[in-house]
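Step one of this worksheet: look at the structure below.
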Amino acid sequence: MAEGAKFGWKIQKIKEFGPRADYSALSEPLPCPPWGMAWKKDKLTHQWKLMFAPEEEKSKNETTRVIGDEKKLAKENECFYVEHYVLPTDTFQGLCLAYRISPVRLRQLNAFSGTSLKLAPSKLIIPIPDVRSVLDGTLRIQDIDDPNFKHQVLSLEFPILTSEEVRAYLIMCAWDLRTAIQTAKADLDWEQARSPSASKNNSVSTPPFELVAHVAVPVANSITNSTNYQFEIELSSSVHGKSQSSSFLLSRETCDAAKELSRPLLPRQ
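Encoded structure:
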C-alpha cells in the first residue's frame, strides 16, 4: 500500500552547516622549496612531496631550457584572446564546446583544476585561433549587450551589492555598464568616507581597540573586629583634690590596658 504522505522521521532537516569553502588563494603558486630540495610526485599516490634533489638534477635546473618548435610558438603569438565572464548558466563542458578549446588548454591558461567553474577565476581568458570565425558568426563569443551579462559583471565588480541593488544601478544608468560601474564605485566610496568607523583624518591611523584583562588572585584578609566596651573609671585629680568619675568608649586593647592600671570600683551607696 502506498503511503499517503511522508512520515516525519523520514524527512531530513539539516540544522548545522559547515564552513564555506574559500578558493580565493587556490590559483596562487606554492612557495619556492628550500635550497637543495625539490617537489617530487609519488607515482602511486599522485601526491607531491618535498625531497632532497640529487646533484645531477641541480645541474639540470641551472641549465637553459631549449624550446623546440619555433613555428608553433609563432602561431601561438598570433592567437587572439577574449575575456569571458563566468555566468551562473555556464558549464565547463559547454565552454569547451562553444569556444572549441581543449579542457587542458582552458585549465592551463586560467590556472585552475577540475571541471567546476567555482574553482576557476570569475573572468576567463580564452584563445581564439582564427578571428575570421568570430566575424562570420561561426564562433559565437559572449554577448556584452545581454542584460544577464551586465548584471553578472556588475555583481562581480562589487560583491557587496545585492541583486536588487545591482539591477537598480543598471536601470538608473539606462543599462550602460560602464556608467553603472562608475556610479556604484562613487556611492561606495562616499559611504566609506562617511562611515563612523572611518577616521576623520585619513593621514592619522586610528589604533585598534584593545582589551586588557588581569587575572585576580583571591587573598585571605584577616579582619579584626574591634568591639567598643563602656567602662567606668575613677580618675583622681590632684589639682582639685577630689575624685571625679567619667565614662569613656574605649576599644578592646585600650580596655585591657586600663584594667591593669585601674582598681576595681566599689558599689555606690
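Just so you know, the sequence shown maps onto residues 14 to 282 in the numbering used here.
Idealized CB from N, CA, C, for every residue including glycine.
Since the model is a prediction, treat every value here as computed from it, not as a measurement.
Checklist entry - Are the beta-carbon atoms belonging to Glu8 and Ile194 less than 8 Å from one another? => result Examination of residue 8 is not possible in this model, given that the chain is present from 14 through 282 alone.
Checklist entry - Helix, strand or coil: which one does DSSP assign to Glu178? => result Looking up residue 178 in the sequence shown gives position 165. Note: Glu178 maps to helix in three-state DSSP.
Item to check | Beta-carbon proximity of Ile154 to Phe93, cut-off 8 Å | outcome: The residue you call residue 154 lines up with position 141 of the sequence shown. The residue you call residue 93 lines up with position 80 of the sequence shown. Not a contact, by the Cβ cut-off of 8 Å.
Next on the checklist: Counting C-beta neighbours from all protein chains within 10 Å, is the total for Phe65 16 or more, i.e. buried, or is it exposed?
Outcome noted: For the purposes of this step, residue 65 is taken as the residue at position 52 of the sequence shown. Exposed, by the Cβ-count rule.
Checklist entry - What separation, rounded to the nearest whole angstrom, lies between the Cα atoms of Phe30 and Ser129? => result Residue numbering aside, residue 30 sits at position 17 when the sequence shown is read from its first letter. Residue numbering aside, residue 129 sits at position 116 when the sequence shown is read from its first letter. If I take the Cα positions, the gap works out to 21 Å.
Next on the checklist: Rounded to whole angstroms, what is the Cα-Cα separation between Met185 and Trp48?
Outcome noted: Start at 1 with the first residue of the sequence shown, and residue 185 comes out as number 172. Start at 1 with the first residue of the sequence shown, and residue 48 comes out as number 35. Computed Cα separation, rounded: 58 Å.
Item to check | Close-in-space but distant-in-sequence residues of the same chain around Ile114 (CB under 8 Å, 5 per side omitted) | outcome: Residue numbering aside, residue 114 sits at position 101 when the sequence shown is read from its first letter. Setting aside the 5 residues that flank it on each side, Ile114 is surrounded in the same chain by Leu108, Ile139 and Pro140, each with a C-beta closer than 8 Å to its C-beta; the list follows chain order.
Checklist entry - Can you tell which of Lys131, Lys136 and Ala111 has the C-alpha that lies nearest to the C-alpha of Leu122? => result To locate residue 122, count along the sequence shown from 1; it is residue 109. Comparing Cα-Cα distances from Leu122 to each of Lys131, Lys136 and Ala111, the minimum goes to Lys136.
Next on the checklist: Please report the straight-line C-alpha distance between Trp188 and Tyr112, rounded to a whole angstrom.
Outcome noted: Counting from one through the sequence shown, the residue named residue 188 turns up at place 175. Counting from one through the sequence shown, the residue named residue 112 turns up at place 99. In a straight line, the C-alpha of Trp188 is about 27 Å away from that of Tyr112.
Checklist entry - Just curious, the beta strand (DSSP E) that Pro140 is in, first and last residue? => result Here residue 140 refers to the residue found at position 127 of the sequence shown. The continuous beta strand (DSSP E) containing Pro140 extends over residues Lys136 to Ile141.
Checklist entry - Can you tell me whether Tyr343 is buried or exposed, with buried defined as 16 or more other CB within 10 angstroms of its CB? => result For the chain, the structure presents residues 14 to 282; residue 343 sits outside this window and is missing.
Checklist entry - What are the residues that DSSP puts in a beta bridge with Phe93? => result As a position in the sequence shown, residue 93 is number 80, starting the count at 1. Paired residues: Ile141.
Checklist entry - Between which two residues does the beta strand (DSSP E) containing Ala206 stretch? => result Here residue 206 corresponds to residue number 193 of the sequence shown, with the count starting at 1. Per DSSP, Ala206 belongs to no beta strand (DSSP E); it is in the alpha helix (DSSP H), Leu190 to Arg207.
Next on the checklist: Quick check on the DSSP output: the beta strand (DSSP E) that includes Phe65 runs from which residue to which?
Outcome noted: On the sequence shown, position 52 is the one that residue 65 refers to. Element bounds for Phe65: Trp61 to Phe65.
Item to check | Buried versus exposed call for Asp149 [16 or more other C-beta atoms within 10 Å across all chains shown] | outcome: Here residue 149 is taken as the residue at index 136 of the sequence shown, counted from 1. With fewer than 16 other Cβ atoms within 10 Å, it is exposed.
Checklist entry - Of the residues Asp143, Arg191, Arg145 and Pro42, which one's Cα is nearest the Cα of Val166? => result Position 153 of the sequence shown, counting from 1, holds the residue named residue 166. Among Asp143, Arg191, Arg145 and Pro42, the Cα nearest to that of Val166 is on Arg191.
Item to check | DSSP bridge partner residues for Trp48 (one or two, in chain order) | outcome: Position 35 of the sequence shown holds residue 48. Answer is none; Trp48 lacks a bridge partner.
Checklist entry - Alpha carbon to alpha carbon, how far is His59 from Glu177? => result Position 46 of the sequence shown, counted from the first residue, corresponds to residue 59. Position 164 of the sequence shown, counted from the first residue, corresponds to residue 177. Spanning the two alpha carbons is a distance of roughly 46 Å.
Item to check | Local conformation of Lys28 per DSSP, three classes | outcome: The residue given as residue 28 occupies position 15 in the sequence shown. Three-state result, Lys28: coil.
Checklist entry - At which residues does the alpha helix (DSSP H) containing Trp111 begin and terminate? => result Walking along the sequence shown from the start, residue 111 turns up at place 98. For the sequence presented, residue 111 should be read as Ala rather than Trp. Taken as a continuous stretch (DSSP letters only), the alpha helix (DSSP H) holding Ala111 covers Phe105 to Tyr112.
Checklist entry - Exposed or buried, Leu248, counting other C-beta atoms within 10 Å across all chains shown (16 or more means buried)? => result As a working note, residue 248 is residue 235 in the sequence shown. Because Leu248 sits at a pLDDT of 46, beneath the cut-off of 50, its placement in the model cannot be relied upon, and the following sentence gives the value as read from the coordinates. Exposed, since its Cβ has fewer than 16 Cβ neighbours within 10 Å.
Checklist entry - With respect to the alpha helix (DSSP H) encompassing Phe290, which residues constitute its N-terminal and C-terminal limits? => result The structure shown has nothing for residue 290, since the chain only spans 14 to 282.
Checklist entry - In angstroms, rounded to a whole number, what distance separates the CA positions of Ile24 and Tyr98? => result Within the sequence shown, the letter at position 11 stands for residue 24. Within the sequence shown, the letter at position 85 stands for residue 98. Taking the straight line joining both Cα atoms gives about 39 Å.
Checklist entry - Can you tell which of Lys163, Phe162 and Leu174 has the C-alpha that lies nearest to the C-alpha of Ala197? => result For the purposes of this step, residue 197 is taken as residue 184 along the sequence shown, with counting starting at 1. It is Leu174 whose Cα lies nearest to the Cα of Ala197.
Checklist entry - So, is Val179 buried or exposed, given that buried needs 16 or more other C-beta atoms within 10 angstroms? => result Along the sequence shown, read from residue 1 onward, the residue named residue 179 stands at position 166. Burial call: buried.
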